[in-house]
Amino acid sequence: MKKLILALAVLVSLSAAAQRSQDKKKMDAFITNLMKKMTIEEKIGQLNLVTPGGGIATGAVVSSNVEAKIKEGKVGGLFGVHGPEKVRQAQDFAVKQTRMKIPLLFGSDVIHGYKTIFPIPLGLSASWDMALIERSARIAALESTANGLNWNFSPMVDIARDPRWGRVAEGAGEDPYLGSQIARAMVRGYQGDDMTKPTTMMACVKHFILYGAAEAGRDYNTTDMSRIKMFNEYLPPYKAAIDAGVGSVMSSFNDIDAVPATGNKWVLTDLLRGRWGFDGFVVSDYTSVNEMIAHGMGDLQAVSALALKAGLDMDMVGEGFLTTLPKSLKEGKVTEKEIDQSCRRILEAKYKLGLFDDPYRYIDTSRPAKEILTADTRKAAREIAARSFVLLKNNNQVLPLKKSGTIALVGPLANNKNNMLGTWAVSGDPQTSIPLLEGMKNVAGNGVNIIYAKGANITNDTLLAKKVNVFGTRIDIDKRSPEEMLKEAVEAARKADVVVAAVGEASEMSGESSSRSDITLPESQKKLVRALVQTGKPVVLVMMSGRPLALEEENELTTAMLQTWHAGSEAGNAIADVLFGDYNPSGKLTATFPRNVGQVPIYYSQRTTGRPATSEEFKKFQSNYLDVPNSPLFPFGYGLSYTTFSYGDVKLNKNSMKPNEAITATVTLTNTGKYDGEEVVQLYIRDVVCSITRPVKELKGFQKVFLKAGESKEVSFKITAEDLKFYNSELNYVAEPGDFKVFIGTSSQEVKEADFKLQ
Ligand code: BGC
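Residue 89 in numbering that gives the first Met the number 0 is what sits at position 90 of the sequence shown, and the numbering runs on without skipping anything.
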């Protein structure tokens, strides 16, 4: 029977492969035929991506004369155009008024939801729930395609280990294994199993490569990294997206080995296509071709030729390809073959989206009202947001709050629609979001008396406010004096049984071009927290931020802390669900929270040193600091629940395996508390002896397990040689025989361990 099933499976996959090869032949013939009729200018036109403005311009320029350019066949794709009517109008210019009638791509940055906004990606990742993340991407695709879009500049999978970098908000944190799972889930969510469906869109993995390793956490800064680190720690999520069939890739702004990614042949061709077999197209980041002039790589003609030859196919906004490639071709600086190759890749993407069959496939005026920001999508946003929160501290079980008595809700983010959506929510309308005050009223019912006071400004620094308020008011400096606001908050606290303080960052204090050298709470809010604590009332901090903040003082002072990121359209309801215990928090950190910025970069999977610290106390001639312990404030994988979980010892079914065998590691997990709840059981591995230095621990598996109060369950993981592989000095992906440790536990630091051997 087993054999029969196997034979059938082989047959099915053979026939699927045969079908794919036939489809490819059909596509190739169609495109070859089309390209035969195209002039060189028309081919170059396909390589041009423009934005007519109206969205958020992230560079100094926006495109001009867009309509005329489309009609002249000088545009391959647009972004920043939304809504079936507008998309139809632009598509009409392309398919009715150009000679070749080639449809346009319509792109957008749909990073964590389109109109229904989900938590920022860093928050989403803290759910450790792949089905949930895929669902958020699915809904984002549904809403975006309902508004005429067919191409998404997401997922952003840059590993980020420096919370000074504002774009840490946009990715899945510090870990390559988790990041890879999330990359896959998002690609699946956007593209589905068929990109021609009117509800799916092409994804674009970005920023290729290493953008998250910008030196000193300063955006757009240079990166420098060994191949070993790159292959083992930074590249896996990009590769996972490629393996999941992502249709496009965006090159990054930074340089790699002193050549900007956008003009780096090793990156865009040797690695991406040669080594990984990527067959989609590569788009530049916003004017990143032109920016190679500032990098010192030559004038616009030189950098455009460099980019094309490196393997870049589409030029975002800068029009270096459009304006200089004809000349470069004449002068022999690029070849027609190179232009053809990039043009073919763009046309293939359009073909795969089904645009040649029906350029209006994504245009349906009846869809927006039915599919965008509906009760269903809001419900999903609320559920997903609640699952992204991380309970950092909960002394005296002050949480969940009782649905009775008096609560003082204070803080600049307590009743603030403008900062719920978070960074990179360009299509979302802040006014459609639910602030915490409203959410608490919705969830608490009539038994609770909520007294609200703003208490402080996000910051009193008017200059910072001006820098942050570029896309609308995010920091609103009150007309009242700080003292007056503080007094009001303290009075509210005195009247209450418990204080909930919503503090943190404005949404645009993280994100693109929003690096911070000081990642503590702004002083205005620190003062508020101190004053509230002084009242002697229990203080619950609801932390909103786009990055790990350094919260040592707040951790000392307060009774409880719930990290809620920027939680999206349903922020207030979701936070209230968790505060009042309608949902028991289950999120775990995916980026380490440092004690202070001096510990940065800090991440759990650091490589071994020859002089490891043996305790938290300073010891001379060990790898440690005079002024701060090595340990973070909250490690990767950390997060509490209203219930408690206990872990039994790690049991292995055997202690040694051959390369083609597997070991099963099992722990008994028990919910020892009073609440039903979910726990993210994490499995880490350490390669004890190896030809290169290896991380002290690497995540290699996790399961989110639901247990009723008092319930126990065996949780098992299968470990194969695949989990032990790494890139060695020759960059071969190998598992070396020898000793390994396996750790299973509730965070990267709190684990039980066992030993095994690979023969
Ligand atoms: C960002 C990209 C984004 C692009 C288009 C750039 O500044 O780095 O992530 O996709 O703008 O909006």
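Each residue gets a CB set at the ideal place from its N, CA and C atoms; glycine is no exception.
Note that the coordinates shown come from a computational prediction; the quantities given were computed from them, not determined experimentally.
Between the CA atoms of residue j and residue i - distance to the nearest angstrom
i: glycine 404; j: lysine 416; result: 26 Å
i: glutamate 482; j: lysine 465; result: 22 Å
i: isoleucine 55; j: lysine 401; result: Any reading at isoleucine 55 must be qualified, since the residue scores a pLDDT of 48, below 50, and its modelled position is unreliable; the value itself is stated next. About 43 Å.
i: isoleucine 684; j: threonine 364; result: 52 Å
i: glutamate 749; j: alanine 239; result: 28 Å
i: threonine 431; j: threonine 376; result: 13 Å
i: alanine 563; j: serine 544; result: The identity of residue 563 in the sequence shown is threonine, whereas the question assumes alanine. C-alpha separation (whole angstroms): 7 Å.
i: isoleucine 138; j: methionine 26; result: 29 Å
i: threonine 222; j: lysine 619; result: 32 Å
i: serine 303; j: asparagine 289; result: 8 Å
i: glycine 676; j: arginine 529; result: 32 Å
i: tyrosine 603; j: serine 283; result: 32 Å
i: glutamate 370; j: glutamate 66; result: 29 Å
i: alanine 570; j: methionine 439; result: 11 Å
i: leucine 311; j: methionine 229; result: 21 Å
i: glycine 638; j: serine 387; result: 11 Å
i: threonine 745; j: alanine 368; result: 43 Å
i: isoleucine 662; j: aspartate 686; result: 15 Å
i: valine 167; j: arginine 217; result: 11 Å
Residue i versus the options, residue with shortest Cα-Cα distance
i: lysine 707; options: Asn670, Ala215, Ser516 and Cys689; result: Asn670
i: arginine 183; options: Val499, Asp312, Gly112 and Tyr237; result: Tyr237
i: proline 154; options: Gly165, Pro120 and Gly147; result: Pro120
i: glycine 52; options: Ser62, Leu46 and Ile662; result: Ser62
i: glycine 79; options: Gln190, Glu522, Tyr602 and Val316; result: Val316
i: threonine 458; options: Val425, Glu370, Val502 and Gln18; result: Val502
i: alanine 452; options: Val499, Lys85, Arg473 and Arg87; result: Val499
i: isoleucine 450; options: Gly676, Ala495, Asn468 and Gly122; result: Ala495
i: lysine 657; options: Glu735, Val714, Pro399 and Tyr624; result: Glu735
i: aspartate 298; options: Arg493, Ser283 and Ser327; result: Ser327
i: lysine 673; options: Ala243, Tyr646, Thr642 and Trp265; result: Thr642
i: glutamine 90; options: Gly438, Asp339, Pro118 and Ile362; result: Ile362
i: glycine 709; options: Gly438, Phe644, Arg160 and Ser568; result: Phe644
i: phenylalanine 470; options: Ser480, Ala374, Ser509 and Lys486; result: Ser509
DSSP state of residue i mapped onto helix, strand, coil
i: lysine 587; result: coil
i: glutamine 748; result: coil
i: threonine 663; result: strand
i: serine 107; result: strand
i: arginine 606; result: strand
i: aspartate 269; result: helix
i: valine 532; result: helix
i: glutamine 18; result: helix
i: arginine 515; result: coil
i: cysteine 689; result: coil
i: lysine 707; result: coil
i: methionine 484; result: helix
i: isoleucine 55; result: With a pLDDT of only 48 at isoleucine 55, under 50, the local geometry of the prediction cannot be trusted, and no value is derived from it.
i: threonine 719; result: strand
i: serine 247; result: strand
Residue i CB to nearest heavy atom of ligand 1 below 7 Å
i: glutamate 318; result: no
i: aspartate 312; result: no
i: aspartate 157; result: no
i: glutamate 511; result: yes
i: methionine 249; result: yes
i: tyrosine 237; result: no
i: lysine 724; result: no
i: aspartate 108; result: yes
i: phenylalanine 105; result: no
i: histidine 111; result: no
i: histidine 294; result: no
i: phenylalanine 152; result: yes
Expected contact under 8 Å - CB spacing of residue i and residue j to nearest Å
i: threonine 115; j: glutamate 142; result: 6 Å
i: isoleucine 158; j: glycine 188; result: No, isoleucine 158 and glycine 188 are not in contact; Cβ-Cβ is about 20 Å, not under 8 Å.
i: alanine 145; j: methionine 200; result: With 8 Å as the limit, alanine 145 and methionine 200 do not qualify as a contact, their Cβ atoms being about 11 Å apart.
i: asparagine 456; j: aspartate 477; result: 6 Å
i: serine 506; j: asparagine 418; result: 5 Å
i: leucine 77; j: valine 49; result: 6 Å
i: isoleucine 181; j: leucine 209; result: That belief does not hold up - the Cβ atoms of isoleucine 181 and leucine 209 are roughly 18 Å apart, past 8 Å.
i: leucine 690; j: asparagine 727; result: The question names leucine, yet the displayed sequence has serine at residue 690. Confirmed, Cβ separation roughly 6 Å.
i: isoleucine 39; j: isoleucine 345; result: At roughly 15 Å, the Cβ-Cβ gap does not stay under 8 Å, so isoleucine 39 and isoleucine 345 are not in contact.
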